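Enquirer:
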Amino acid sequence: MRMILAAALALTPQLALAAGSDDSQPPKPTATTTECAKGEIWDEKTKACVKAEESSLNDDQRFGAVRELAYAGRPDEALAVLATMTEGETSRVLTYRGFLLRQTGRVEEGIAAYERAIALDPANILARSYYGQLLVQMDEAALALAQLDAIRAHGGSGSWAETALAAAIETGVTYTY
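Rendered as structure tokens:
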């Protein structure tokens, strides 16, 4: 196990996973973070910055923008885009919300979002990993270990979610990008 954790720590830059994605690579900056004004995201179809609530955008496009904004260290803007999601309070939306609230210091709200995400989908290993990392930050190792056990029970062995939480429990270092 220690060898896996050591390997994970050595790959830390590649493991900087943004909330809600199973892609362990950082998102490539687009015009969303390089050109668009606050509250706007890049629409590839129209080749223009548009308001996040624009009806021509779908939720996957919005999620991509949320991930990119979060990675760029702009969690408040990411939360604003997340609020334009049309799918409602799904497990993936709540996972994103929990992560972003955690980044903005709104820990109790983040906990509530993670717990709702897990209640909707107990197999949401990403929500469990981020929640577990928050528990590590709060010195709640036993509760973090329970989340790690649940990740493994739901088939997450070997995943980024498992590796990141195991490393956080071992080292006390959590992922914030």
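Residue numbers (the numbering used here): 14 to 190.
Note that beta-carbon positions come from the ideal geometry of N, C-alpha and C, so glycine has one too.
All values reported here derive from a predicted model rather than from experimental measurement.
#1: How long is the line joining the alpha carbons of G52 and A174, rounded to whole angstroms?
#2: Around the C-beta of S142, are 16 or more other C-beta atoms found within 10 angstroms, so that it is buried, or is it exposed?
#3: Q146 and T184 - do their beta-carbons sit closer together than 8 Å?
#4: List the DSSP bridge partners of E53.
#5: Measure the alpha-carbon distance for F112 versus A83 and round it to whole angstroms.
#6: Secondary structure at S104, three-state DSSP: helix, strand or coil?
#7: Along the chain, where does the alpha helix (DSSP H) containing G145 start, and where does it finish?
#8: Starting from A130, trace the alpha helix (DSSP H) in both directions and tell me its first and last residue.
#9: Is S193 buried or exposed, if buried means 16 or more other CB atoms sit within 10 Å of its CB?
#10: Check for me: the alpha helix (DSSP H) holding A174 runs from which residue to which?
#11: For T59, does the count of other Cβ atoms within 10 angstroms reach 16, so buried, or fall short, so exposed?
#12: Rounded C-beta distance between A157 and L148? I'm assuming under 8 Å.
Expert: According to the data block:
#1: 30 Å
#2: buried
#3: no
#4: K64
#5: 9 Å
#6: helix
#7: I138 to Q150
#8: V120 to L133
#9: This structure cannot speak to residue 193, because the chain is shown only from 14 to 190.
#10: W173 to T184
#11: exposed
#12: 4 Å
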